[in-house]
Amino acid sequence: MKDDNTPISRKAFMEELRRYQKGSVTRRHFLGVTGLGTAAAVMGGALPGLLPTRARAQDIGDRVVLATWPNYHDAANFDAFTDATGAYTQVNVFGSNEEMLAKIQAGGSGWDVFVPTNYAIPTYVEADLIEPLDLSKIPNFDAAAFEKRFSDAGTIDGVVYGVPKNWGTTGIAFNSDKTGGVVDSWKAFFDGARDKWDGRVMVHDYQLTTIGNALVYHGFSFNSVDPNELAQAEKLLIDVKPHLYAISSDYQPAMRNGDAWLTMCWTGDGKQMNTDMPEIGFALGKEGGEIWSDYYAIPKDAPHKEAAYALINYLLSPEVNAKEALAHGYPVADSRTNALLPEELLNDPIIYPAAEALSPLEFGAAVTLTDPNRAELMARFKSA
Amino acid sequence: MTQSRARALLLTPAALWYAAMLLLPLAVVLIFSFGERSAIGGYAPGFTFEQYANLPARFAAFRNTLTLAPVGTIAALLIAYPLAYFLAVKVSPKWKTMLLVLVIVPFWTSILIRSYAWIFLLGGKGIPALLETVGLDDVRLLNTPFAVLVGIVYGYLPLMVFPIYVALEKLDKRLLEAAADLGTPPWRAFLQITLPLSMPGVLTGSMLVFILLMGEFLIPAILGGGKVFFVGNALVDLFLQSRNWAFGSAVAVALVVIMLITVGIYTRLVKRFGASRDDVGLM
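Protein chains in written order, with the working numbering: chain R, 130 to 513; chain B, 28 to 310.
The structure is reproduced here in structure tokens:
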């Protein structure tokens with residue numbers, strides 16, 4: 130029934146592809162860039178009558194539209210949500226915060242819940258695109274249970290716009306069979322790319338991390354927008370480019386296939402690859418890099434706000450959140466959820482790295498999202 | 028009076044279609060292209076030529092597109108022509124329908140999926156692994172311009188095959204018989220009869236493929252590993268990543284203008300070529 134109409138078969142298609150790649154689809158997956166997520170949103174909006182409708186006591190409508198990152202949820206939780214509320218969760222998968230922002234800026238996204246990263250929230254607030262949250266509708270959010278550094282970016286000027294979903298890092302995934310050991314510095318990463326790992330290294334198709342880590346290589350801040358420092362990062366990137374295997378955020382297939390030996394990598398991807406292929410390790414750059422936190426938020430023009438609150442509240446209940454974490458391998462900042470997670474997960478050095486490994490990392494800054502120089506630098510790097 | 032009213036009435040649907048589907052979107056793009064990028068990205072109204080002045084910043088993207096689009100079109104033509112010829116002229120009618128269907132069937136699957144399939148074929152465990160068994164070590168195919176070319180030719184082949192097939196199918200076989208009767212060798216009959224008469228198909232196919240290639244972004248992104256940057260990729264990044272919609276619109280306008288110019292030159296060259304060929308034919 131669900132698979133008969135276009136939006137859901139789109140979703141099914143995404144799931145097929147994901148299944149096909151055996152959980153290998155990356156967080157900011159390339160497919161997001163292809164616009165398939167949008168197609169699903171648009172088509173879903175055009176065919177409301179085709180979606181299942183069920184009458185329930187607590188009437189929150191028949192569906193809720195979630196814009197999120199790939200491989201970031203446990204599909205069984207959505208099914209349980211539908212059973213409990215009658216609202217079907219339509220999932221749209223995206224490639225980057227920039228892309229999400231572009232869709233919301235253009236208007237009529239049709240989303241009820243989306244998942245911005247810490248540094249994107251100030252821009253949404255500034256553009257008046259994000260709903261101040263009515264916390265009375267999210268009783269499962271207990272601010273005291275959350276580690277502050279992973280929850281404070283959701284609050285701006287005392288107003289709560291986002292409640293924390295997961296946090297993570299951007300580090301280095303390496304195939305130790307090929308690299309001969311741990312690679313835990315951006316110096317080794319970029320120098321090796323031009324030398325012994327020629328043609329085997331991948332960087333993200335994402336300005337924040339690719340430029341950021343090139344800045345860190347030179348000892349600058351991950352978030353720098355200083356023209357002189359950016360120029361040095363650009364020189365490094367353009368010098369490295371001919372030696373790269375690819376510029377892509379869809380790095381799992383190439384890493385698993387053995388074509389790529391090293392890549393910039395998000396926590397959950399690192400964990401997923403390491404679980405299936407122990408020779409693929411994950412390390413944080415010791416000079417620094419990114420630490421991030423994602424938030425559940427509601428766009429101002431969300432068509433199903435009640436359903437949006439219901440879904441966020443549902444996903445934040447510790448039991449559900451624990452199931453989510455088991456499925457996607459990203460750390461949670463909620464102590465109530467962590468209390469439910471198995472010990473080996475909490476002690477996993479990839480998912481919950483030691484505090485000293487995290488200390489040089491920086492949260493992305495809002496300015497990187499809107500700085501035109503970083504955007505142009507990325508375009509020059511990609512077209513060089 | 029009634030006749031002109033009827034005419035107006037009959038023209039209305041077409042006019043509305045052009046207005047809604049062609050003029051309106053183009054007008055939006057044109058207006059945006061004279062605007063500015065707002066501080067947080069997106070579009071801010073304005074009237075400036077700044078975006079057009081900034082076009083050289085995407086020179087590399089235009090250069091790559093204007094190189095790979097013609098090369099891809101020619102490569103597709105070179106592969107499609109023999110195939111179309113085989114289907115139209117050589118194959119027995121018994122097999123023809125099935126073989127034609129086989130050319131179309133891949134088109135029923137998303138180009139995305141088919142391009143992903145090529146990732147596996149061109150990746151280290153695909154063709155390079157086969158080459159290794161015959162002693163060719165460390166051949167890298169994926170994420171190169173070559174891989175993009177393969178993807179382009181593969182993806183657009185049916186668009187080239189069918190127009191040529193139709194042209195060849197209509198070819199009057201008696202002309203070839205007459206030529207043979209008069210002692211013309213087959214290669215000459217091909218050059219003087221088959222090829223000229225199939226030119227409309229060749230031109231249609233080339234045009235279709237060329238125009239689509241000019242806007243291509245998916246295949247370079249998937250098979251070029253993000254290292255092969257077309258105007259299409261520049262546009263995707265400008266609208267979805269850096270959210271510089273004003274500059275993106277200017278790049279889009281520039282692409283349309285370049286396309287109109289190249290297509291114009293192409294049509295003119297084709298006409299001239301056609302005329303001179305007729306002269307040769309008469310001699």
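Note that CB positions come from ideal geometry on N, CA and C, so glycine has one too.
Computed from a prediction, not measured in an experiment: that's the story for all the values here.
Assignment of B:PHE74 by DSSP, reduced to helix, strand and coil, places it in the coil class. Bounds of any alpha helix (DSSP H) do not take in R:GLU419; it lies within the beta strand (DSSP E) bounded by 418-425. For R:VAL330, the enclosing beta strand (DSSP E) has its first and last residue at 330-332. For B:ALA84, the chain R residues whose Cβ falls inside 8 Å of its Cβ are GLU505, ALA508, ARG509, in order along the chain. Secondary structure of R:GLY215 (DSSP, three-state): coil. When R:TYR424, R:LEU474, R:SER488, R:ALA508 are compared, the shortest CA-CA separation from R:VAL242 is found for R:TYR424.
Contact with chain R is absent for B:ASP164, since none of that chain's Cβ atoms lies less than 9 Å from the residue's Cβ. Under the 9 Å criterion on CB atoms, B:PHE61 is classed as non-interfacial with respect to chain R.
In the structure shown, R:PHE510 adopts helical secondary structure according to DSSP, grouped into three states. Around the beta carbon of R:ASP313, 16 or more other beta carbons sit within 10 angstroms, so the residue counts as buried. Nearest to R:PHE510 by C-alpha distance, out of R:GLY291, R:LYS307, R:ALA362, R:VAL345, is R:ALA362. Straight-line measurement puts the Cα of B:GLY151 at about 9 Å from the Cα of R:ALA383. Around the beta carbon of R:PRO261, fewer than 16 other beta carbons sit within 10 angstroms, so the residue counts as exposed. Sequence-ordered contacts of the region 374-398 of chain R with chain B read TYR374, ALA375, ILE376, SER377, PRO382, ALA383, ASN386, GLY387, ASP388 [C-beta pairs closer than 8 Å]. Identification of chain B residues near R:GLU255 by a Cβ-Cβ cut-off of 8 Å yields ILE67, ordered along the chain. For the pair R:ASP191 and R:ALA216, the CB atoms are nearer than the 9 Å cut-off. When rounded, the separation of the alpha-carbon atoms in B:PRO213 and B:ALA207 is 7 Å.
With a threshold of 9 Å between beta carbons, B:ILE146 makes contact with chain R. Here R:LYS294 carries a strand assignment [DSSP, helix/strand/coil]. Around R:LEU487, the same chain offers THR298, LEU413, ILE420 as residues with beta carbons nearer than 8 Å, after the five sequence neighbours per side are excluded. Residue-level contact by beta carbon fails for B:GLY182 and chain R, as no gap is shorter than 9 Å. Burial is judged here by how many other beta carbons sit within 10 angstroms of a residue's own beta carbon; R:TRP296 has at least 16 and is buried. Under a 10 Å Cβ-count criterion, R:VAL292 is classified as buried, with 16 or more other Cβ atoms of the shown protein chains found around its own Cβ. Leaving aside the five residues that flank R:GLY283 on each side, the residues in its chain whose CB is nearer than 7 Å to its CB run, in chain order, ILE250, VAL289, TYR290, GLY291, VAL292, PRO293, TYR424. A residue is called buried when at least 16 other Cβ atoms come within 10 angstroms of its Cβ; R:MET393 meets this threshold and is buried. For R:SER238, no CB of chain B lies under 9 Å from its own CB, so it is not counted at the interface with that chain.
Pairing B:PHE61 with B:ALA273 gives a Cβ-Cβ distance under 9 Å. Bounds of the alpha helix (DSSP H) holding B:THR160 are 154-160.
For R:GLN219, there are no C-beta contacts with chain B under 9 Å, since the nearest C-beta of that chain is about 20 Å from it. Taking all protein chains shown into account, R:ILE376 has 16 or more neighbouring C-beta atoms within 10 Å of its C-beta and is therefore buried. Within the region 30-114 of chain B, the complete alpha helix (DSSP H) segments at least 4 residues long are 51-60, 77-80, 86-112, listed from N- to C-terminus. Contact between B:LEU202 and B:ILE220 holds, with the beta-carbon distance rounding to 5 Å and staying under 8 Å. Here the region 265-282 of chain B makes no contact with the region 123-141 of chain B; the two share fewer than three CB pairs at distances below 8 Å.
Here the region 477-493 of chain R makes no contact with the region 314-327 of chain R; the two share fewer than three CB pairs at distances below 8 Å.
By the Cβ rule, the region 156-165 of chain B does not count as touching the region 178-196 of chain B, because fewer than three pairs are nearer than 8 Å. With contacts defined by Cβ atoms closer than 9 Å, R:THR252 and B:ILE67 form a contacting pair.
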